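Chemist: In UniProt numbering, the protein residues as written are 1 to 341.
The beta carbon of each residue, even a glycine, is placed where N, CA and C say it ideally should be.
Since the structure is predicted, the reported quantities are computational estimates derived from the model, not experimental observations.
This structure is in structure tokens; I'll ask about it shortly.
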């Protein structure tokens, strides 16, 4: 009887779903009183700013924790030492890590110009600034780090063996997951204890939207709207227009009128390759007026793709001259190496 129950409740795609006690199960499978690796508070500390908030912030760490971009600019202008830049608190967090946790985007952007900064510095639990921002769900911060901080490693693991992608998947940070995957984060990377990937942990914690996002990324692994060859046309438009304007018999017209009068329209999810998908693609393509008038894309011949490491802007400028980048002949391979075509 129990066998029949299990077969009925188990989804062929999603499996059994999250465990009822998933929030209390550790990686080793035992129940812990101190919390679980699947809960929010067990992976990142319950961080609160130390010290008197009314005092004057003089150090780089202090101005970062207080979200004071103007004071940070003054600190950088007077000059900083490596010891000051990499100063940590009792959690092993630098000022950048606190800014990533709190979502202080102005601080993260200002620290991009800071010398001696180690973007891959790990705290007492092995977390990097990218991991902290990913788990906290700050999508813009994660994207900025991936785009502008050279050498940001997406595959560093914490003390539990979790990567930034696994952490984001466990917390249901769908947009962060997309940013990491399209920047080359390994979808098949597994933790060191359970030997499970991001898909497993998303399912384990009941993050079905995240699991659906990962599947959609696998179905469309390449952002075609960022290429020069993209044509902003909806292929199904001609078929739909022809169907709507086709001559109908009297019986067909009466049937259509009856259906439209007595049918009920229920809310549905957007269709794949439907009008909403088309609108997103044409408004974000490199030929869109919204994009072309605001920025100039680098490497349009090599758009973001699942499994392909995307170089940061400083890495591209260091590797290739401005002229070559303007000529748009740079190709980026899956290993992150570029070549001039």
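Taking C-beta to C-beta, are residue 225 and residue 281 nearer than 8 Å?
Modeler: Yes, they are a contact pair.
Chemist: Suppose you measure from the CA of residue 83 to the CA of residue 124; what does that come to, to the nearest Å?
Modeler: Looking at the two C-alpha atoms, the distance is approximately 18 Å.
Chemist: By the three-class DSSP mapping on this structure, what secondary structure does residue 305 have?
Modeler: Residue 305 falls in the strand class under three-state DSSP.
Chemist: According to DSSP, simplified to helix, strand and coil, what is residue 66?
Modeler: Reduced to three states, the DSSP call for residue 66 is coil.
Chemist: Take residue 182 and list the residues in its own chain whose beta-carbon comes closer than 8 Å to its own, dropping the five residues that flank it on each side.
Modeler: Taken in chain order, the residues that qualify are 217, 223, 304, 305, 306 and 310.
Chemist: Mapping DSSP to helix, strand and coil, what is residue 78?
Modeler: Residue 78 falls in the helix class under three-state DSSP.
Chemist: Which term fits residue 204, buried or exposed, when burial requires 16 or more other beta carbons within 10 angstroms of its beta carbon?
Modeler: It counts as buried.
Chemist: Is it true that the stretch 175 to 192 meets the stretch 226 to 233, where meeting means three or more beta-carbon pairs spaced less than 8 Å apart?
Modeler: Short answer: they don't touch.
Chemist: Pull up the DSSP beta-bridge partners for residue 222, would you.
Modeler: Paired residue(s): 305.
Chemist: DSSP on residue 22, reduced to helix/strand/coil?
Modeler: Reliability fails at residue 22, whose pLDDT of 47 lies under 50, so the model's placement of it is uncertain and no value is given.
Chemist: I believe residue 153 touches residue 127 by the beta-carbon criterion, under 8 Å. Please report the beta-carbon distance rounded to the nearest angstrom.
Modeler: At roughly 13 Å, the Cβ-Cβ gap does not stay under 8 Å, so residue 153 and residue 127 are not in contact.
Chemist: Let me know the secondary structure DSSP gives residue 201 once reduced to three states.
Modeler: If DSSP states are grouped into helix, strand and coil, residue 201 belongs with the helices.
Chemist: Could you tell me the distance, in whole angstroms, from the CA atom of residue 191 to the CA atom of residue 147?
Modeler: Cα to Cα, the separation comes out at about 25 Å.
Chemist: Quick one: using the 10 Å Cβ neighbour count with 16 as the cut-off for buried, is residue 256 buried or exposed?
Modeler: Residue 256 is exposed by the Cβ-count criterion.
Chemist: Run the CB neighbour count on residue 279, radius 10 Å, all protein chains shown included, and call it buried at 16 or more, exposed below.
Modeler: Per the 10 Å Cβ criterion, exposed.
Chemist: Just confirm the distance between the C-beta atoms of residue 96 and residue 111, as a whole number of angstroms; I'd bet it's less than 8 Å.
Modeler: 5 Å between Cβ atoms; contact.
Chemist: Look at residue 59 and residue 99 and say whether their C-beta atoms are less than 8 Å apart.
Modeler: Cβ atoms of residue 59 and residue 99: not closer than 8 Å.
Chemist: Could you say which of 247, 170 and 242 lies nearest to residue 209 if we only look at CA atoms?
Modeler: Here the closest residue by C-alpha is 170.
Chemist: In terms of alpha-carbon separation, which member of 283, 130 and 176 lies closest to residue 151?
Modeler: When each option's Cα is compared against that of residue 151, the closest is 130.
Chemist: Cutting at 7 Å between CB atoms, please list the residues of its own chain near residue 92, excluding the five before and the five after it.
Modeler: So the qualifying residues of the chain are 123 and 124.
Chemist: Mind listing, in chain order, the continuous alpha helix (DSSP H) runs of no fewer than 4 residues lying wholly within the stretch 229 to 257?
Modeler: Runs found: 235 to 245.
Chemist: In the DSSP assignment, find the alpha helix (DSSP H) that holds residue 147 and state where it starts and stops.
Modeler: Per DSSP, residue 147 belongs to the alpha helix (DSSP H) from 139 to 148.
Chemist: Mapping the DSSP letters down to three states, classify residue 314 as helix, strand or coil.
Modeler: Helix, per DSSP.
Chemist: Rounded to the nearest angstrom, what separates residue 132 and residue 312 at their Cα positions?
Modeler: If I take the Cα positions, the gap works out to 19 Å.
Chemist: Specify, as a first and last residue, the run of the alpha helix (DSSP H) that residue 166 falls within.
Modeler: That run of the alpha helix (DSSP H) goes 164 to 170.
Chemist: Determine, using beta carbons only, whether residue 72 and residue 63 come nearer to each other than 8 Å.
Modeler: Contact: yes.
Chemist: Would you give the residue range spanned by the alpha helix (DSSP H) that residue 158 belongs to?
Modeler: Run containing residue 158: none; DSSP gives neither H nor E here.
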